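Asker:
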Amino acid sequence: MSDNWPAELLADGRSLRDVGGGVRSALPSSDAGAPYDRTAAAYDRLVRSRLYNRAVWSTSPEAYVAFAADAIGSSDGPLLDVGCGTALFTAALYRASRRRIALVDRSQGMLARAAQRIGGRFGAAGPALLQADLFGLPFRPGSFDTVTCHGVLHLMDDVPAVLRALREQAAPGAGLFASSLVGESSRGRAWLRMLHKAGEVVAPRSAAEVVALARAEWGERVEVRRDGCMLFLTARA
Ligand SMILES: C[S@@+](CC[C@H](N)C(=O)[O-])C[C@H]1O[C@@H](n2cnc3c(N)ncnc32)[C@H](O)[C@@H]1O
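When we follow the numbering used here, the leftmost residue of the sequence shown carries the number 19, and every step to the right adds one.
1. Please classify arginine 131 as buried or exposed, where buried requires at least 16 other C-beta atoms within 10 Å of its C-beta.
2. Using the DSSP secondary-structure output, state which residues sit across from phenylalanine 195 in a beta bridge.
3. Determine, using beta carbons only, whether glutamate 227 and arginine 182 come nearer to each other than 8 angstroms.
4. Below 6 angstroms CB to CB, which residues in the same chain sit around valine 170 once its five sequence neighbours on both sides are set aside?
5. Hey, which unbroken runs of the alpha helix (DSSP H) at 4 residues or more fall wholly within the stretch 59-142?
6. How is valine 242 classed by DSSP in three states: helix, strand or coil?
7. Could you tell me whether the stretch 242-253 touches the stretch 72-85, using the rule of 3 or more Cβ pairs below 8 angstroms?
8. To the nearest angstrom, how far is the alpha carbon of valine 220 from that of glycine 31?
9. For asparagine 22, is the classification buried or exposed, using 16 other Cβ atoms within 10 angstroms of its Cβ as the cut-off for buried?
10. In whole angstroms, give me the CA-to-CA distance for valine 200 and glycine 95.
11. With arginine 315 as the anchor, note down where its beta strand (DSSP E) starts and where it stops.
12. For the beta strand (DSSP E) that glycine 237 lies in, which residues bound it at each end?
13. Just verifying my parser: in three-state terms, what is the DSSP assignment at leucine 147?
14. Is leucine 152 near ligand 1, judged by its Cβ being under 7 angstroms from some heavy atom?
15. Run the proximity test for leucine 173: is its beta-carbon closer than 7 angstroms to any non-hydrogen atom belonging to ligand 1?
16. Can we count glycine 206 as close to ligand 1, meaning its CB is less than 7 angstroms from some heavy atom?
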C-alpha cells in the first residue's frame, strides 16, 4: 500500500491542504464549504431513523448498507465515494475494508462527522477524507476501480453531468454505483415536493426518468434495483 495515498492520484496542478480533523481540502482556501455544513448533525439524526425511512421512503437503512457493501466488495483497487456525507451507512464497511478509499464531499461539516465515525485510520493505511466538488474532482481521469455516489442524484439539477463526472473517474471496467430518491409512492412524491420547496432537493423524478438518464450516460447495461423510493444503479465503465 502506497504511503502517498491519495496524492499519487492527483491531476497535474491539483493539491490538497490540511484543514484539520483528518480532512484535507482540494478547494481553494477562499471556498469554505457548502450548505450541508450547518445541518450535518440534524441530517444524521433524521436519515439514520428506521421509522423515517420506512414511513416516508418505504425503504430501510439496511438497503443502503447492502448497496454500499456490494460496491466495496466489487473489486480490490482504489474506491472513490462522491458525496460521502457523514459516512452514516458506510463507516463500518470502510473501517473493515482493506481497499484504498477516498471519501469526497463539498461540506467540511459532513466530512468532520465522517472522520469521527470512521475513527483514527487515516493516512497511508486508511480512508482519505477530502473536501472537493464533484464537478471539479482533483484526481486524474480513470483513477478508481469503483466509483460510488450514494443518495446525491436527487439533489442535482444536471444528473447527466454528475454521471459523466463519476464515469470520468472510473478506470476501464470499473464498477459504477449510484443511488437516488425517486418519487415512486404518493407519500414519497409529496415529501420530495416539500423538500424541493425548502430548497433541499430538486423536483421529484420518477425511477424511469433516472434510469433513462443513467442509460444515456453509462450505457444500456445499467442494472437497476429499487427499494421503495430509493433507486440503485450499477454499471461497468
Ligand atoms: C443527501 S447527502 C448523502 C450523503 C451520503 N452519501 C449518504 O448516503 O448518507 C448528499 C451529500 O452530497 C454532498 N454534496 C452536494 N453537492 C456536492 C458537490 N457538488 N460536490 C460534492 N459533494 C456534494 C452534500 O454535502 C451531502 O453530504
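In this text, a Cβ means the ideal position worked out from N, Cα and C, and glycines have one as well. If you're wondering where the values come from, they're calculated on a predicted model, not measured in any experiment.
Answerer: The answer reads as follows:
1. Taking the sequence shown and counting its residues from 1, one reaches residue 131 at position 113. Label assigned to arginine 131: buried.
2. Numbered from 1 along the sequence shown, position 177 holds the residue referred to as residue 195. Partner(s): Thr166, Thr252.
3. As a working mapping, residue 227 is identified with position 209 in the sequence shown. As a working mapping, residue 182 is identified with position 164 in the sequence shown. No, the pair does not count as a contact, with Cβ atoms beyond the cut-off.
4. Taking the sequence shown and counting its residues from 1, the one referred to as residue 170 is at position 152. Within the same chain, Cβ atoms closer than 6 angstroms to the Cβ of valine 170 are found at Gly101, the five residues on either side in sequence being excluded.
5. 68-75, 79-90, 109-114, 126-136
6. Counting from 1 along the sequence shown, the entry for residue 242 is found at position 224. DSSP places valine 242 in strand when its eight states are reduced to three.
7. yes
8. Here residue 220 corresponds to residue number 202 of the sequence shown, with the count starting at 1. Here residue 31 corresponds to residue number 13 of the sequence shown, with the count starting at 1. Going by the C-alpha atoms only, they are around 33 angstroms apart.
9. Stepping through the sequence shown from its first residue, residue 22 is reached at position 4. Result: exposed.
10. Residue numbering aside, residue 200 sits at position 182 when the sequence shown is read from its first letter. Residue numbering aside, residue 95 sits at position 77 when the sequence shown is read from its first letter. Valine 200 and glycine 95: Cα-Cα distance of roughly 31 angstroms.
11. A question about residue 315 goes unanswered here, because the residues of the chain that appear run from 19 up to 255.
12. For this step, residue 237 is matched to residue 219 along the sequence shown. Per DSSP, glycine 237 belongs to no beta strand (DSSP E) and is neither H nor E.
13. If you number the sequence shown from 1, residue 147 lands on position 129. In this structure, leucine 147 counts as strand in the three-state DSSP scheme.
14. As a working note, residue 152 is residue 134 in the sequence shown. Yes, ligand 1 has a heavy atom inside 7 angstroms of this Cβ.
15. Residue mapping note: residue 173 aligns to position 155 of the sequence shown, counting from 1. Indeed, a heavy atom of ligand 1 lies less than 7 angstroms from the Cβ.
16. The sequence position of residue 206 within the sequence shown is 188, counting from 1. The answer is no for glycine 206.
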